[in-house]
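In full-length UniProt numbering, the protein residues as written are 1 to 138.
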């Protein structure tokens with residue numbers, strides 16, 4: 001059982017690398033821009049693979065949906081090219097999903113930075129207030 005998991009993980013990593021190369025070199029007619037394959041999850045029976053992708057300049061939500069739709073439309077061709085490169089009895093059925101974890105991470109980082117700035121501002125204001133009160137008492 002443990003061996004199966006390791007094999008599945010190795011296949012997923014290899015698929016991530018090969019799909020990234022295919023998207024960069026072979027599938028150039030799609031107008032999705034720079035695509036990054038951030039993760040691949042393969043089912044235990046190797047029948048299905050979920051490919052998580054992000055796009056360069058993915059600030060517009062509609063652009064993400066369009067890019068994923070275009071990749072999904074080309075999934076058969078990508079699967080065929082993947083089958084030529086990888087030595088698998090059955091090449092998994094590919095499903096492309098937009099990976100929003102990067103955007104969520106950036107959002108959390110920005111929120112933390114805001115809290116730190118607000119905290120510094122409050123400390124400096126309280127120090128100024130404290131200094132003014134001490135000056136008034138003397």
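Backbone N, C-alpha and C define an ideal beta-carbon position, used for all residues, glycine too.
Using CA atoms only, rank isn't needed, just tell me which of 125, 128, 67 is closest to residue 29. 67
What first and last residue would you give for the alpha helix (DSSP H) that runs through residue 75? 75 to 85
List the endpoints of the continuous beta strand (DSSP E) containing residue 39. 35 to 42
Buried or exposed: which applies to residue 48, given that a residue is buried once 16 or more other Cβ atoms fall within 10 Å of its Cβ? exposed
Candidates 98, 94, 19, 32: closest to residue 54 by CA position: 98
Would you kindly work out how many angstroms separate the C-alpha atoms of residue 6 and residue 64, rounded to a whole number? 32 Å
Contacting residues, own chain, Cβ-Cβ under 6 Å from residue 12 (five flanking each side not counted): 40, 42
Would you check if the stretch 82 to 89 and the stretch 101 to 109 touch, i.e. whether three or more CB-CB distances between them fall below 8 Å? no
Length of the line joining the Cα atoms of residue 114 and residue 52: 29 Å
For residue 79 and residue 94, I'd like the C-alpha separation in whole angstroms. 7 Å
Sorted by chain position, which residues of the same chain lie with C-beta nearer than 8 Å to residue 90's C-beta, five sequence neighbours on each side aside? 46, 47
Is DSSP giving residue 1 helix, strand or coil here? Reliability of the predicted coordinates at residue 1 is poor, the pLDDT of 49 falling under 50, and the value obtained from them is presented with this limitation in mind. Here residue 1 sits in coil by DSSP.
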